[in-house]
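A short worksheet on the structure shown next.
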Amino acid sequence: MATIDFNGATVELNEEGFLVDPNIWNEELAKVLAKHEEGLDELTEEHWAVIKFIRSYYEEKQSAPMVRAVCKGSGIRLQQVYDLFPSGPAKGACKLAGLPKPDGCV
89 MATIDFNGAT
99 VELNEEGFLV
109 DPNIWNEELA
119 KVLAKHEEGL
129 DELTEEHWAV
139 IKFIRSYYEE
149 KQSAPMVRAV
159 CKGSGIRLQQ
169 VYDLFPSGPA
179 KGACKLAGLP
189 KPDGCV
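Structure follows, in structure tokens:
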């Protein structure tokens with residue numbers, strides 16, 4: 089199991105970089121994950137729109153949203169979502185939102 093250092097603590101990630109404990113997620117941790125797991129130096133307003141929508145959806149329904157729902161809920165076009173998250177919306181965006189790996193995510 090992989091780990092990263094965050095605020096003086098060790099955070100456990102699974103073998104694909106998803107948080108083992110989604111309950112420890114916060115925006116500062118998302119920034120660290122963005123750099124460490126996705127190679128993103130900063131998160132723009134568009135990144136946050138997607139991340140916050142995914143997080144809110146997950147908290148309400150206990151599952152990750154389909155990509156079309158992400159686009160509709162965040163107001164970000166499909167191609168832009170793929171441009172924002174190098175490993176894609178299911179892997180990259182859900183990872184930064186602190187969700188477990190979505191079902192059907194390869």
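For any residue, its number in the numbering used here is found by taking its place in the sequence shown, counting from 1, and adding 88. From the three backbone atoms N, C-alpha and C, an ideal C-beta is built for every residue, glycine too. Predicted model only: the values in this text are computed from it and were never measured.
Report yes or no: do the region 114-129 and the region 150-162 share at least 3 C-beta pairs separated by less than 8 Å?
-> no
Count the other CB atoms, across all protein chains shown, that sit within 10 Å of the CB of residue 127; report buried if there are 16 or more and exposed otherwise.
-> exposed
Below 8 Å on the Cβ atoms is my guess for residue 177 versus residue 110; work out the distance and round it to an integer in Å.
-> Not really, about 17 Å apart at Cβ, beyond 8 Å.
Would you decide whether residue 144 is buried or exposed? Buried here means 16 or more other CB atoms lie within 10 Å of its CB.
-> exposed
Taking the Cβ atom as the reference point for each residue, do residue 162 and residue 137 lie within a distance shorter than 7 Å?
-> yes
Helix, strand or coil at residue 92 [DSSP, three-state] | strand
Does the separation of the CB atoms of residue 135 and residue 92 fall below 7 Å?
-> no
In this structure, does DSSP put residue 99 in helix, strand or coil?
-> strand
Might you give, ordered along the chain, the residues of its own chain that have their beta carbon closer than 7 Å to the beta carbon of residue 122, omitting 5 neighbours on each side?
-> 128, 131 and 184
On a CA-only basis, which of 96, 142 and 103 is nearest residue 120? Give me that one, please.
-> 96
Between residue 89 and residue 100, which are expected to be in contact by the criterion C-beta below 8 Å, what is the C-beta distance as a whole number of angstroms?
-> 6 Å
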